[in-house]
Amino acid sequence: MANRQEQWAVFWCTLLSPLLYGEVSPEEAGRFLNELAATEHLFPDGTRRRPSRATLWRKWKQYREGGFEALFRKRRSDRGQPRKANPAMIAKAVELKTEQPYRSHVPINQFLAAEFHATIPKSTLYRHLKRAGATRRKLGVSRQKVRCRWTRDHSNALWLGDFEDGPYVLHGDQAMPTHLSAFIDCHSRYVVEARYYPRENLDILIDSLLRAWSVHGASRELYLDNAKIYHANALKAACCALNIRLIHRTVRDPAPGGLVERFFGTAQSQFESEVHVGDILTLDRLNRALAAWLDQSYHRAPNSETGQPPAERYQQGNRFTRHVNLQEVLKYFFRRERRTVHETFSDVQLNALFFQVHPDLRGDKVEVRYDPFSPLETVLIYSLDGEYLGVGIRHERETAPDQPPPRPRPKPKHNYLDLLIRNHEQALDDRHAGIDYPAVLAAAGRRWPFAEFAKQLAAYLGREGGLTAFSAEELESLQKVYNRLTCLDAPMLREACERAVRHAIPEIVYVLQQLSHERQRRT
Numbered sequence: 073m074a075n076r077q078e079q080w081a082v083f084w085c086t087l088l089s090p091l092l093y094g095e096v097s098p099e100e101a102g103r104f105l106n107e108l109a110a111t112e113h114l115f116p117d118g119t120r121r122r123p124s125r126a127t128l129w130r131k132w133k134q135y136r137e138g139g140f141e142a143l144f145r146k147r148r149s150d151r152g153q154p155r156k157a158n159p160a161m162i163a164k165a166v167e168l169k170t171e172q173p174y175r176s177h178v179p180i181n182q183f184l185a186a187e188f189h190a191t192i193p194k195s196t197l198y199r200h201l202k203r204a205g206a207t208r209r210k211l212g213v214s215r216q217k218v219r220c221r222w223t224r225d226h227s228n229a230l231w232l233g234d235f236e237d238g239p240y241v242l243h244g245d246q247a248m249p250t251h252l253s254a255f256i257d258c259h260s261r262y263v264v265e266a267r268y269y270p271r272e273n274l275d276i277l278i279d280s281l282l283r284a285w286s287v288h289g290a291s292r293e294l295y296l297d298n299a300k301i302y303h304a305n306a307l308k309a310a311c312c313a314l315n316i317r318l319i320h321r322t323v324r325d326p327a328p329g330g331l332v333e334r335f336f337g338t339a340q341s342q343f344e345s346e347v348h349v350g351d352i353l354t355l356d357r358l359n360r361a362l363a364a365w366l367d368q369s370y371h372r373a374p375n376s377e378t379g380q381p382p383a384e385r386y387q388q389g390n391r392f393t394r395h396v397n398l399q400e401v402l403k404y405f406f407r408r409e410r411r412t413v414h415e416t417f418s419d420v421q422l423n424a425l426f427f428q429v430h431p432d433l434r435g436d437k438v439e440v441r442y443d444p445f446s447p448l449e450t451v452l453i454y455s456l457d458g459e460y461l462g463v464g465i466r467h468e469r470e471t472a473p474d475q476p477p478p479r480p481r482p483k484p485k486h487n488y489l490d491l492l493i494r495n496h497e498q499a500l501d502d503r504h505a506g507i508d509y510p511a512v513l514a515a516a517g518r519r520w521p522f523a524e525f526a527k528q529l530a531a532y533l534g535r536e537g538g539l540t541a542f543s544a545e546e547l548e549s550l551q552k553v554y555n556r557l558t559c560l561d562a563p564m565l566r567e568a569c570e571r572a573v574r575h576a577i578p579e580i581v582y583v584l585q586q587l588s589h590e591r592q593r594r595t
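Written out as structure tokens, the structure is:
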């Protein structure tokens, strides 16, 4: 404000300098002021206009009486005080804001209109609330973070990466949008990798990272956006394997990504603006132009924040390089798909291509792993438990593959035929004389006749007669039991009738079967 006052005072002194320094006599003062009033002048506020004679006379008088500082504009006596709104309205507004810090000017003015039949403009209300310490920040409820500047002491300590929409390119006979993927070093502002891609997905992110790692090694920390692709397990696994701390931007907090966003703004204003006014380029031509601009312009120009060219500062701060074995890292980014090996063709299908596997795997469920960044000629075959099973080679089903020769199998340790012969000879030795014909005839003749079995069973059931004590259906069932239980005799029937809970044929038959099993186990 003081500088503004000085500008106006210097303006009036310069305009009236012939009078102030005696170049114009007092008698000619009136004529001189009339000439000034009739001429347009450029005022400090940027406008051109003619000052009035009264204003010029007043300024001359102020300088004669008070000197240079007398030309300063006087502060209003009611400065900072409400002119339209009375103090009671301001006090009420402060009270409403204090009791509810998140209350905006809309409900506050609704309360004021109901009580005072008047409202306070938004800017005026905020100025008085701030003076009274009744803003969210002054009341201590603001969620705005206190931030620090992104900085690191040496190169490759922290990389920041993100995507940005790029210009359209020519693809065939169509215009196709592009996306700029960039990673920038925090210490030097050096762009370790930047390239335009036709898509914005995990494959593109991985391709950019692999290019950066292959040239500059691995960074200590990697700061990325909070989008879904930046939370992929493959990316996390690769960072863990390379000992890189992966940091994600806080949800709904875009401010920390300002460093890479600042680079995107520079690229848009200095590089993409030239692309837009020229002929449409192909994707390859666009990336070649981007690489040239980075090398010849961006990396050589002093950065406004560091004061050094990014390339020079990057080399000075690069203490050591952590080299990356890309073959070891690539395995974390392999795509994994579950497939069933075709029983007829002995192959698996992937992306409309067929890959021949070993015939032993036909019908098995397997996991197919492949590199998404190289042509699909071979794939790796794993079991669902993670065991490596071999390589699948691309083939055409129309061409019959050469059948691999059968694998030689070792001679079995155990011979089943020898086991059968030994058991047979042992059985013959146990019988001494070969087949025991008397025992066979005795078993076939059944020393205890069926009629005696039926008669004794009828007696236990309290029925009179022998076979006539049973119906035809009961006799048929008893005959089947008698034929099946070859060890059935009178003591066995007596024991079964004693054990039976109820004197009924099904119950007695059930106990007879149990007794028969017990005898067979004993023998």
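Residue numbering for the sequence shown follows this note's numbering, starting at 73 and increasing by one per position.
Yeah, the Cβ is synthetic: ideal placement off N, Cα and C, and Gly gets one too.
Every value quoted in this text rests on a predicted model; they were computed, and no experiment measured them.
Since residue i sits in a beta bridge, which residues does DSSP pair it with?
{"i": "D257", "result": "W231"}
{"i": "H243", "result": "Q246"}
{"i": "F426", "result": "Q421, H467"}
{"i": "A266", "result": "A254"}
{"i": "R438", "result": "Just to set this straight, residue 438 is Val in the shown sequence, not Arg. Paired residues: R411."}
{"i": "T450", "result": "I465"}
{"i": "R334", "result": "Answer is none; R334 lacks a bridge partner."}
{"i": "A290", "result": "R394"}
{"i": "H113", "result": "R121"}
{"i": "R460", "result": "The sequence given here has Tyr at residue 460, not Arg. Y454, per the DSSP bridge assignment."}
{"i": "D237", "result": "H251"}
{"i": "I319", "result": "Y295"}
Are the CB atoms of residue j and residue i within a distance shorter than 8 Å?
{"i": "A530", "j": "A544", "result": "no"}
{"i": "L355", "j": "V241", "result": "yes"}
{"i": "P123", "j": "L143", "result": "no"}
{"i": "N397", "j": "N228", "result": "no"}
{"i": "L331", "j": "I256", "result": "yes"}
{"i": "V581", "j": "V553", "result": "yes"}
{"i": "R120", "j": "L128", "result": "no"}
{"i": "L422", "j": "E409", "result": "yes"}
{"i": "R534", "j": "K527", "result": "The sequence as given places Gly at residue 534; Arg does not occur at that position. It is not a contact, given that the beta carbons lie outside the stated cut-off."}
{"i": "L584", "j": "L557", "result": "yes"}
Residues in its own chain within less than 8 Å of residue i by CB, not counting five upstream and five downstream?
{"i": "F426", "result": "F417, D419, V420, R466, H467, E468, R469"}
{"i": "E377", "result": "R261"}
{"i": "N106", "result": "R125"}
{"i": "V512", "result": "Low per-residue confidence applies at V512: pLDDT is 45, beneath 50, and the placement is therefore not dependable enough to give any value."}
{"i": "L92", "result": "C85, W132, Y135"}
{"i": "L274", "result": "I301, A304, A306, L307"}
{"i": "Q79", "result": "P116"}
For residue i, I'd like the list of residues in its chain whose CB is within less than 6 Å of its CB, leaving aside the five on either flank, ordered along the chain.
{"i": "A310", "result": "V401, Y404"}
{"i": "P173", "result": "R208, L211, V213"}
{"i": "D297", "result": "D234, R321"}
{"i": "Y509", "result": "Unreliable positioning characterises Y509 in this predicted model, as indicated by a pLDDT of 43, which lies under 50. The coordinate reading is nonetheless provided below. None."}
Exposed or buried, residue i, counting other C-beta atoms within 10 Å across all chains shown (16 or more means buried)?
{"i": "Q498", "result": "exposed"}
{"i": "M248", "result": "exposed"}
{"i": "T250", "result": "buried"}
{"i": "F392", "result": "exposed"}
{"i": "I493", "result": "exposed"}
{"i": "Y370", "result": "buried"}
{"i": "A190", "result": "exposed"}
{"i": "S386", "result": "Reading the sequence as shown, one finds Tyr at residue 386 and not Ser. When all chains shown are included, Y386 counts as buried."}
{"i": "C312", "result": "exposed"}
{"i": "R411", "result": "buried"}
{"i": "N158", "result": "exposed"}
{"i": "P578", "result": "exposed"}
{"i": "E344", "result": "buried"}
{"i": "A110", "result": "exposed"}
{"i": "E236", "result": "buried"}
{"i": "H288", "result": "buried"}
{"i": "A644", "result": "In the structure as shown, the chain starts at 73 and stops at 595, and residue 644 therefore has no counterpart that could be examined."}
I believe residue i touches residue j by the beta-carbon criterion, under 8 Å. Please report the beta-carbon distance rounded to the nearest angstrom.
{"i": "I276", "j": "L294", "result": "16 Å between Cβ atoms; not a contact."}
{"i": "L587", "j": "E570", "result": "At roughly 11 Å, the Cβ-Cβ gap does not stay under 8 Å, so L587 and E570 are not in contact."}
{"i": "G238", "j": "Y198", "result": "Wrong, their Cβ atoms sit about 40 Å apart, outside the cutoff."}
{"i": "Q368", "j": "P374", "result": "Wrong, their Cβ atoms sit about 15 Å apart, outside the cutoff."}
{"i": "C559", "j": "R594", "result": "Actually they do not touch by this definition, with Cβ atoms about 11 Å apart."}
{"i": "L433", "j": "Y442", "result": "With a Cβ gap of about 17 Å, L433 and Y442 do not count as contacting."}
{"i": "H200", "j": "A160", "result": "Between A160 and H200 the Cβ distance is about 12 Å, and since that is not below 8 Å, they are no contact."}
So, at 7 Å on beta carbons, what are the nonlocal neighbours of residue i in its own chain, with the 5 sequence-adjacent residues on each side left out?
{"i": "Q134", "result": "A142, L143"}
{"i": "E524", "result": "none"}
Just checking: is the beta-carbon of residue i within a distance shorter than 8 Å of some beta-carbon in chain D?
{"i": "L307", "result": "No chain D is part of this structure, which consists of one protein chain only."}
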